[in-house]
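S.K.:
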Amino acid sequence: QVESLKAKLLEQAQEISRLRSELGGTDAEKHRDLLAAENERLRQEMKACEGELRELQRQQQQAPCRDCPHLQENAGLQEQLSQLQREAEEARAKLVELELEVQQKTNRLAEVELRLKDSLAERAEEEERLSRRLRDSQETIASLKSQPQQIKYIIKTVEVESAKAKQALCETQSRNQYLLEQVGMQKQVLKEMEQQLQSSQKTEAQLRAQIMMYEAELERAHGQMLEEMQAMEEEKNRAIEEAFSRAQVEMKAVHENLAGVRTNLLTLQPALRTLTHDYNSLKRQVRDFPLLLQETLRSARAEISQAIEEVHSTNRELLRKYRRELQLRKKCHNELVRLKGNIRVFGRVRPITKEDGEGPEAANAVTFDADDDAVLHLLHKGKQVSFELDKVFPPQASQEEVGATVHTVGVRWGGSHLLLTLLCLPQVFQEVQALVTSCIDGYNVCIFAYGQTGAGKTYTMEGTAANPGINQRALQLLFSEVRGKAADWDYTITVSAAEIYNEALRDLLGKEPQEKLEIKLCPDGSGQLYVPGLTEFRVQSVEDINKVFEFGHVKRVTECTNLNEHSSRSHALLIVTVRGLDRSTGLRTTGKLNLVDLAGSERVGRSGAEGSRLREAQHINKSLSALGDVIYALRSRQGHVPFRNSKLTYLLQDSLSGDSKTLMMVQVSPAEKNTSETLCSLKFAERVRSVELGPVSRKAELGSWTSQEHLEVLKTLLGDSPGSTAPPGRAHTSPSPGQLSSRSASIRRKLHTSG
Ligand code: ADP
Ligand code: MG
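In the numbering used here, each number is its position in the sequence shown, counted from 1, plus 29.
1. Quick check: the Cα distance between D536 and F566, rounded to an integer number of angstroms?
2. Could you tell me which residues DSSP pairs with H595 in its beta bridges?
3. For the 8 Å Cβ check, are there 3 or more pairs between the stretch 546-560 and the stretch 488-497?
4. Which ranges would you report for the alpha helix (DSSP H) in the stretch 462-534 if only whole runs of at least 4 residues count?
5. Which residues have their C-beta within less than 6 Å of a heavy atom of the ligand MG, listed in chain order?
6. Thinking C-beta only, is L124 closer than 8 Å to L236?
7. Mind checking which residues open and close the alpha helix (DSSP H) that includes I649?
8. Out of L680, G687, E645, which has the shortest C-alpha to C-alpha gap to A662?
9. Starting from F713, trace the beta strand (DSSP E) both ways and give me its first and last residue.
10. Check the DSSP bridge columns for I604 and list the partner residues they point to.
11. Mark T292 as exposed unless 16 or more other C-beta atoms lie within 10 angstroms of its C-beta, in which case mark it buried.
12. Any idea which residues DSSP pairs Y308 with across the strands?
13. DSSP state of N371, grouped into three classes?
14. Tell me which residue opens and which closes the alpha helix (DSSP H) that K676 is part of.
15. Would the beta-carbon of P380 be found less than 7 Å away from any heavy atom of the ligand ADP?
16. What separation, rounded to the nearest whole angstrom, lies between the Cα atoms of L311 and L326?
17. For D536, which three-state DSSP category applies?
18. Pairs of beta-carbons, one from the stretch 462-477 and one from the stretch 612-623, closer than 8 Å: are there three or more?
19. What whole-angstrom Cβ distance do S613 and L348 have, given they're in contact under 8 Å?
20. Could you tell me the alpha carbon to alpha carbon distance between R275 and E263, rounded to whole angstroms?
21. My output table needs one value for R632: the three-state DSSP class, helix, strand or coil.
22. Are at least three pairs of beta-carbons, each pair with one atom in the stretch 200-209 and one in the stretch 79-87, less than 8 Å apart?
23. Give every residue of the same chain whose Cβ lies closer than 8 Å to the Cβ of Q240, excluding the five residues on either side of it in the sequence, and list them in chain order.
24. Report all residues from its chain with a CB closer than 7 Å to the CB of T201; omit the five preceding and five following residues, and keep chain order.
25. Quick one: does the C-beta of G483 sit closer than 7 Å to a heavy atom of the ligand ADP?
26. Can you grab the Cα-Cα spacing for the pair L149 / E32, in whole Å?
27. Pop quiz: N377 and M694 are said to be a contact at Cβ under 8 Å. What is the actual Cβ separation, rounded to whole angstroms?
28. Taking the alpha carbon of S130 as the point to measure from, which residue in F477, K410, T232, G657 has its own alpha carbon closest?
29. How would you write the range of the beta strand (DSSP E) that V670 sits in, first residue to last?
30. Between I649, H669, S689, which has its C-alpha nearest S675's C-alpha?
31. Determine the burial state of N344: buried for a count of at least 16 other Cβ atoms within 10 Å of its Cβ, exposed for fewer.
32. Can you determine whether any heavy atom of the ligand ADP sits closer than 7 Å to the C-beta of G386, and answer yes or no?
33. Applying the criterion that 16 or more other CB atoms from any shown protein chain within 10 Å of the CB defines a buried residue, is Q462 buried or exposed?
34. Is the beta carbon of V414 less than 8 Å from the beta carbon of A403?
35. Would you kindly work out how many angstroms separate the C-alpha atoms of R852 and E244, rounded to a whole number?
36. So, for G539: in the same chain, excluding its five sequence neighbours on each side, which residues have a beta-carbon less than 6 Å away from its beta-carbon?
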């Protein structure tokens, strides 16, 4: 037992020494020192890195590269770096903590060691004591052996003594137990410490790895930064080089420019000198200008007033000439109309209408000469009878051809506003236009529509609203001409409308249409006729006249039970009086335009009419033949003209005699059934126009045109040109432009013979 206890003790001592060597604080301390050294080294490195970083930042601040793409990256890297620094700081704090822990553990270890030493010393003492007792016991045992008797006893003693030893052993054992426990505890502590050491080693390794990682990162960032800086440097150099080369080029150009400017300056200098000179002279001129201006203004004023005076006198002269020319024109126009014949006879054939019916009765009996628009052929009872008038309008002739289209346009000319009347005149209407001009000039004019009922008299004179007739168109012309002359003339236009029925004259515009009016001689002894009580309306436009027409028409409708019947039995007269005053000369003119829609010319009386019809027919016949007689007498220039034979001719006496102009529109129906009436109408027409003027009267008339000036004007007006010739074989003169030349030729012949 003692041996085994000894062995155990030895073992434990060995164990303790091993533990001591193992636990030896020197290892941990060494480790800590190592860590501290490592830490110091890392700190140094960090410091160096920070220094480097600061240097880099300074460099960057010194050469900031604006707009550099690396700037952002650099900022990112710096951010990373600061992150890393933060992490390193944290690691450092952790390290300090660990160091503190290690220190604490080392202290505790030292304490434990101290305690262990004490307990070991105690154990050694105990062992010593035990070994001593063991020796004593052995000695006792040996002495006892030599005394065998006593041995039993001794054994007993030994036993007794061994009980004591046993107790001591027990104590020692408990003590040993305690020590063992202590050793176990120490082992436990050691184990814990080892574990702590291991964990701290692990943490250290981790930290080291992290530090290494950070270092690598730092290294990489550093490398990157260096690379970027290198690139930036290169770029900067390149930019500098480029800028330098550009600057060199620009410099060269500037130098060249400078040289050009220098040469320019050299050349400009003389120009500048002359300019300065000019400027000085201009300055002088400006100084003298007001005086000069005054002088010039004075002379200009004098010149202008002289010029104005001259213009005035020229104007006066022109005005005088203009008036003379006006008079001349008027005379010429009148002479022209007179030469053409103051009395003109036109024929108009209406188209076949529904009213003509159908069959042979409605067949066309009228044909025209393709080459002569004054000739008309009538097929009567199988025989063709030809008539020649001044002009013949076929059925297809439009109202415009018979009338005229008038356009008035305003024109600015030399500061004054002129009204130009543009006449879209079919040649045939020139007659009507000439008559309107004559009326404005102060001549009296009559336009008659003659023919059997239904031959188109009213159509020709009045027309329809959409297609107006001569009345409307002649009045349009009248107004537009009057407007054109408004600058010099004041015109007053009045209208009257009358009707002659059964030789009774009635006022269509009066309050008492049934009242019969009388035609009387003017009491002033001028020989002029007038109708007391005949209403006159003053009109200023065609619209006014239309209103008057309507008024008259309404009256006629209300007064008559059968207007158509009545109108064919009566003569309807529209009398337009044009009174003019030339403002510059004070000359007064009065012209009358009588537009007469005659009663139907059919010979009702001969076909056995009775009573009122017979009376009407007699009156119509009488008045129409009186009209024929008057015109005949006028045209053949008879001494006596039977005006008083009818109310119509008597009323129109002053518009038929003297220098008055007359146009007779003979209306004709082309229908077969009307041929005998047509024949009568055409005979009437031919009778009034076929009168040749006697050579003596013509000569006498032409005698007043001896001056060369008038001859020239006449020639011009007749539209005569040296090359034009009259158509051969035509005995009668004709008014149409084609035939005007024959008339002018005959006039020329007559002029020639009259010398
Ligand atoms: P009047 O007055 O001679 O009795 P109207 O003028 O009343 O005859 O004409 C009779 C008919 O013939 C009317 O219906 C009219 O419209 C028509 N007429 C007359 N002349 C023409 C013409 N040139 N073109 C077309 N229709 C016409
Ligand atoms: Mg009629």
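Every residue gets a Cβ at the ideal spot worked out from N, C-alpha and C, and that includes glycine.
M.R.: According to the structure shown:
1. Within the model, the alpha-carbon separation for D536 versus F566 is close to 12 Å.
2. Partner(s): none; H595 has no beta bridge.
3. Contact between the stretch 546-560 and the stretch 488-497 is absent: fewer than 3 CB-CB pairs across the two stretches fall below 8 Å.
4. Taken in chain order, the unbroken stretches of alpha helix (DSSP H) that lie wholly in the stretch 462-534 and span 4 residues or more are 486-490, 499-513.
5. This criterion selects K486, T487, S596, S597, D626.
6. Yes, Cβ-Cβ distance for L236 and L124 is below 8 Å.
7. I649 -> alpha helix (DSSP H) spans 640-664.
8. Ranking L680, G687, E645 by Cα distance to A662 puts G687 first.
9. No beta strand (DSSP E) holds F713; the alpha helix (DSSP H) holding it covers 704-718.
10. Beta-bridge pairing by DSSP links I604 to S525, N623.
11. That one is exposed.
12. Bridge partners of Y308: none, in fact.
13. N371: coil per DSSP, three-state reduction.
14. 676-680 is the span of the alpha helix (DSSP H), which, as asked, contains K676.
15. For P380, the distance from the CB to the nearest heavy atom of the ligand ADP is below 7 Å.
16. One Cα belongs to L311, the other to L326, and the distance between them is close to 20 Å.
17. D536 carries a strand assignment under DSSP once its states are collapsed to helix, strand and coil.
18. The stretch 462-477 vs the stretch 612-623: in contact.
19. 7 Å between Cβ atoms; contact.
20. Between R275 and E263, the C-alpha separation is close to 18 Å.
21. DSSP places R632 in coil when its eight states are reduced to three.
22. Short answer: they don't touch.
23. One point to set straight first is that residue 240 is Ile, not Gln, in the sequence displayed. The beta carbon of I240 sits closer than 8 Å to those of L71, A117, A120, all from its chain and outside the five residues before and after it, given in chain order.
24. Sequence-distant partners of T201 (beyond 5 residues in either direction) whose C-beta falls short of 7 Å from its own C-beta, in its chain, are E155, L159.
25. Result yes, Cβ under 7 Å from the ligand ADP.
26. Between the alpha carbons of L149 and E32 lies a distance of about 20 Å.
27. A small fix is needed here, since residue 377 is Arg in this sequence, not Asn. For R377 against M694, the beta-carbon gap comes to about 6 Å, under 8 Å, which counts as contact.
28. Note that residue 130 is Glu in the sequence shown here, rather than Ser. Selected option, being the one with the closest Cα: T232.
29. Per DSSP, V670 belongs to no beta strand (DSSP E) and is neither H nor E.
30. Minimum Cα-Cα distance from S675 among the listed residues I649, H669, S689 corresponds to I649.
31. Counting Cβ neighbours within 10 Å, N344 comes out exposed, since fewer than 16 surround it.
32. G386 Cβ: outside cutoff for every heavy atom of the ligand ADP.
33. The residue is buried, with at least 16 neighbouring Cβ atoms inside 10 Å.
34. Contact flag unset, no.
35. Lying outside 30 to 784, the shown extent of the chain, residue 852 is not represented and no answer is given.
36. These residues qualify, in order along the chain: T564.
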